[in-house]
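Asker:
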Amino acid sequence: MEEPGIVLTPEQKRRRRMRSIAIALSLAGLVLLLYLVTIVRMGPDVIERPL
Amino acid sequence: MTEARIDLNASAEPSMVTVGHGGVRDFVSLLKPRVMSLVVFTAVVALAVAPVSVHPIIAFAAILSIATGAGAAGALNMWYDADIDRVMSRTRERPIPSGAVAPSEALAFGMVLAVFSVLVLGLATNWLAAALLAFTIFFYGVVYTMWLKRATPQNIVIGGAAGAFPPVIAWAAATGTVSIEPIVLFLIIFFWTPPHFWALALVRSGDYARAGVPMLPVVSGAEETRRQILLYSLVLVPLGLAPVVLGFGGWLYLAVSLGLGAIFLVLAWKLRSGHGDAIGPVARRLFGFSIVYLFGLFAALLAEHVLGLPGQETLGNAFAGLVQSGLAA
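These protein sequence lines are chains A and B, in that order.
If you use this note's numbering, the first sequence corresponds to residues 358 to 408, in order.
If you use this note's numbering, the second sequence corresponds to residues 4 to 332, in order.
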């Protein structure tokens with residue numbers, strides 16, 4: 358017979374969901390920040406590089 | 004097929020679950036937001052005072068990295084100090100002792116943030132600033148937390164350097180170098196830290212004694228602590244005038260530094276000469292006022308440089324002239 362394992366309460370599930378959303382937002386913010394820093398630091402060189 | 008299962012309470016006391024169920028708020032409080040606000044403020048002021056204009060995006064990335072690095076150091080501190088925090092009334096509701104966040108989660112959280120903050124600062128500004136941030140996190144997380152705090156009553160004197168580094172990091176981020184101005188800002192925070200924390204420790208010495216932390220009032224007593232608070236204040240207040248002498252603090256800064264410095268000295272003297280029940284209230288007032296003092300000094304510098312208020316060069320030149328005539332005589 359299957360054991361139930363860890364069963365989270367509704368409150369624990371809500372907190373886990375909020376943590377996941379916070380991590381997702383942080384990662385999206387990091388990507389945006391690195392993109393903007395790249396544009397600012399490289400300026401026109403971003404599109405004017407030799408292929 | 005056998006399934007791997009995690010027993011939440013295996014080989015742990017009932018109050019020490021191995022996996023926490025903390026919310027976002029618990030992880031935010033691991034970052035010590037109040038300490039972070041001081042770090043952000045002093046770093047912003049250093050960026051404003053630095054004689055280089057920084058692109059707003061780069062400035063934002065620098066401040067965010069410094070704040071995140073400070074938060075990471077705070078999380079590592081809470082991870083290591085969970086045993087002490089559990090004993091002290093001021094800290095027993097922190098996320099780890101309360102069981103909301105597991106120690107391993109706090110450690111991983113702190114390490115990830117430390118690595119990312121240093122990398123982002125290096126990529127956005129320069130590697131001198133990133134190296135200074137990495138050193139600051141190491142200094143607070145290892146030198147202060149793991150060694151000094153439990154070993155010597157001078158713990159917060161030497162460990163205070165960690166809190167004094169943010170303006171130096173911000174200056175390095177803006178200019179790529181470290182000059183006399185950020186070193187003066189460093190010294191102001193460095194000499195401000197002992198009177199600030201010892202004033203708190205005077206009214207919380209029972210807590211520290213229970214936790215076995217050798218804070219000065221626990222090891223040397225209240226009398227010696229009050230004497231040392233006065234001595235550090237006597238160094239701090241003249242040091243607070245150094246930006247005027249060096250020409251990056253103007254008339255507003257001079258007025259704020261003199262006015263708040265005088266009140267600081269009066270409170271430190273009252274604390275030194277007080278007796279019995281009068282000591283606690285004065286210590287609390289000095290603790291609260293020390294925050295106003297440091298905020299006032301940095302806010303004055305920020306206002307002068309953002310609003311372009313006069314006086315920096317005039318006062319700097321006047322002091323340089325005084326020094327030169329003194330040397331000639």
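Even for Gly, the Cβ is constructed at its ideal location relative to N, Cα and C.
Buried or exposed: where does H58/B fall if 16 or more other Cβ atoms within 10 Å of its Cβ makes it buried?
Answerer: By the neighbour-count rule (16 or more Cβ atoms within 10 Å), H58/B is not buried but exposed.
Asker: S120/B to A65/B, Cα distance in whole Å?
Answerer: The alpha-carbon atoms of S120/B and A65/B are separated by roughly 9 Å.
Asker: By the three-class DSSP mapping on this structure, what secondary structure does A15/B have?
Answerer: Because A15/B carries a pLDDT of 41, less than 50, the predicted location of this residue cannot be relied on, and no value is offered for it.
Asker: Applying the criterion that 16 or more other CB atoms from any shown protein chain within 10 Å of the CB defines a buried residue, is M218/B buried or exposed?
Answerer: Result: buried.
Asker: Using a Cβ-Cβ cutoff of less than 6 Å, which residues in the same chain neighbour I9/B once the five nearest sequence positions on both sides are dropped?
Answerer: The pLDDT assigned to I9/B is 40, lower than 50, so where the model puts this residue is not dependable, and the model offers no usable value.
Asker: Taking a Cβ distance cut-off of 7 Å, strictly less, list which residues of the segment 365-386 of chain A are near chain B, in chain order.
Answerer: Under the 7 Å Cβ criterion, the segment 365-386 of chain A contributes Q369, R372, M375, R376, A379.
Asker: So which residues of chain B does V397/A contact, with C-beta pairs closer than 7 Å?
Answerer: Under the 7 Å cutoff, chain B gives H58, I60, I61.
Asker: What does the Cβ neighbour count give for Q231/B, buried or exposed, with the cut at 16 atoms within 10 Å?
Answerer: Looking at its Cβ environment, which holds 16 or more other Cβ atoms inside 10 Å, Q231/B is buried.
Asker: Given that G25/B touches chain A, what residues does it touch there, using C-beta distances under 9 Å?
Answerer: Near G25/B (Cβ distances below 9 Å), the residues of chain A are R372, R376.
Asker: Is the distance from the Cβ of G113/B to the Cβ of L151/B below 8 Å?
Answerer: No; because the gap between Cβ atoms is not below 8 Å, this pair is not in contact.
Asker: Go ahead and label K35/B buried or exposed: buried means 16 or more other beta carbons lie within 10 angstroms of its beta carbon, across all protein chains shown.
Answerer: Result: buried.
Asker: Can you give the Cα-Cα distance for T228/B and T196/B, rounded to whole angstroms?
Answerer: So the alpha carbons of these two residues sit roughly 13 Å apart.
Asker: With distances taken between CB atoms, is the gap from A75/B to L116/B smaller than 8 Å?
Answerer: Going by C-beta atoms, A75/B is nearer than 8 Å to L116/B.
Asker: Give, in chain order, every unbroken run of the beta strand (DSSP E) that is at least 3 residues long and sits entirely within the segment 236-271 of chain B.
Answerer: The segment 236-271 of chain B contains no whole beta strand (DSSP E) run of 3 or more residues.
Asker: Of all the residues that make up the segment 102-126 of chain B, which are near chain A by a beta-carbon distance shorter than 8 Å?
Answerer: Residues F119, V123, L126.
Asker: Of all the options V181/B, G163/B, A164/B, which has the alpha carbon lying nearest to the alpha carbon of V171/B?
Answerer: Of the listed residues, the one whose Cα sits closest to V171/B is V181/B.
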